[in-house]
Each structure stands twice: as structure tokens, then as C-alpha cells.
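Heads up, the thing below is written out as C-alpha cells.
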Amino acid sequence: DEEIVGGGSEGETSVGIGAAIGLAAGGAGNGGTVSVTNRSLIVTDGADSYGISANSIGGGGGVGGSATSGVLGKYAIGGALGGAGGGGGSAFQVDVFNLATAGIWTQQERSIGIFAQSVGGGGGAGGAGESTGHTDESEVSVNLSLGGSGNVGGNGGKVNVENSGWIQTEKAYSHGILAQSIGGSGGVGGASGTSAKDSNVAITLSLGGAGGTGGKSGETVHVTNFGSGEILT
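Residue numbers (our numbering): 2 to 234.
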């Protein structure tokens, strides 16, 4: 007599694979062209009260989407990529004219006569990427993550101020004319992180996203006080 026992079934191999990708953010809108002309008298009687404030400002770029991947298996393979930030909007030209028939008088602190600026929007930050792996049999875990890149800041535009009339400011921190063009800051690169738990072999790679480049300032900032113009501070 003989007894033959059937062979055991082949063991299963548990493999977990996961991937996550954050979507890129949208770009911001641009600031418009601004032109202001004063032909008469402007008087302010309160703190932080400017005679004229003219601004073109680009919008800030959106933040990239974050991505998180979690994997469970005897062999766990996971990856995550954060989305890129959106580009900052650019600003455009700002013109202010205070004519010979016009006057500006501010009477309290921090009250600028003419404030003119063109400011690019900041670039959006990259999204974060995070990948985690947990193995149920303590075998092998491979996890990769990459933060999204920050985007470029918007450019500042031209600024032109012409004074033929008079400007008088009475108190401290009150410029007669303040004109500036400023490029937007670059977006921050996205953070990244990986982890592997209860694994005999763990391979992890985590790389933060690159930061965005700052925007350029405007081509010129031009302030002219003509012969008939007076500025008293």
C-alpha cells in the first residue's frame, strides 16, 4: 500500500503598488494699466490717508496640489509627486500726473502725497509629496517622493510720476512722492517625505521641489518735478 499526499498550493506573493500625483496650480491674472490725473485740490485729514494711491498688482500663483501615497504589502512600492505652483501675474504701467492747477495736502502721520507702484505677483508654492510603505511580512519597501516646483514670480512694470503743482505733507513718515516697481517673489518648493515601517529592506528617496525664480522689476521708475512743482514735507 502507498499513500500519496497532494502537494501544497503555491504561496501567494503580496505586492502593493501605489502612486499619487498632485495637479499643477493655475497661473495668476495680470494687473492692469493705471493712469491718474489730478487737476484740482486733494486734502486728507486722517492717519494713513494718501492723497493719491495708484497700484498695478499681479495676482499670486496658486499652490500646487499635494500628493500622498500609502502602500501595504509584502513587497510595497510607492511614489508621490506634488503638483507645481502657478506662475505669478505681472503688473503693468502706472502713470500719475499732478497738474499745475492741482494741489495735494495730507495732514496726519503716514500719509503720503502720491504713492505709485507696480508689483508683480508672487509665484505659487509647489505641493508636498509623501509616500509611505508598510509591509505585512517585513520584506521589502521602496518609496519615492518628490515635492512640486515653485513657480516664477511676476514682473513689476514701469512707473511714471509727474508733478507740476504742489504737494504738502504735514506729519512724520509722510513722503511727498513714493514710486516703486517690485518683482514678485518666486514660489517655495514643495516639501517631501518618505517612510518605511517594519521592513527588512527599506529603500527611500525624498527630494524637495525647486523654488521658483523671482520676478524682474520694471524697466524704469521715473519721477519728474517740473519747474512749477513744489514738494513740502
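Note that beta-carbon positions come from the ideal geometry of N, C-alpha and C, so glycine has one too.
A quick note: this is a predicted structure, and the numbers were derived from the prediction, not measured.
- Counting C-beta atoms within 10 angstroms of its own C-beta, residue 174 has fewer than 16 neighbours from the protein chains shown and is therefore classed as exposed.
- DSSP places residue 211 outside both helix and strand once states are collapsed to three, so it counts as coil.
- At least 8 Å separates the beta-carbon of residue 53 from that of residue 93.
- At the C-beta level, residue 89 and residue 62 come within 8 Å of one another.
- Boundaries for residue 25: no beta strand (DSSP E) harbours it, and the DSSP string shows neither H nor E there.
- Going by beta carbons, residue 101 and residue 39 fall outside the 8 Å limit.
- Excluding sequence positions up to five before and after residue 60, its CB lies within less than 6 Å of the CB of 29, 30, 90, 122, all in the same chain and listed in chain order.
- By the 16-neighbour rule on beta-carbons within 10 angstroms, residue 16 is exposed.
- Distances from the alpha-carbon of residue 19 to those of 107, 150, 77 put 77 closest.
- Comparing alpha-carbon positions, the option among 23, 208, 214 lying closest to residue 186 turns out to be 214.
- By the CB criterion at 8 Å, residue 183 and residue 224 fall outside the cutoff.
- Looking at 47, 199, 87, the one whose alpha-carbon comes closest to that of residue 25 is 87.
- Of the residues assessed, residue 202 falls on the exposed side of the cut-off, its CB having fewer than 16 other CB atoms within 10 angstroms.
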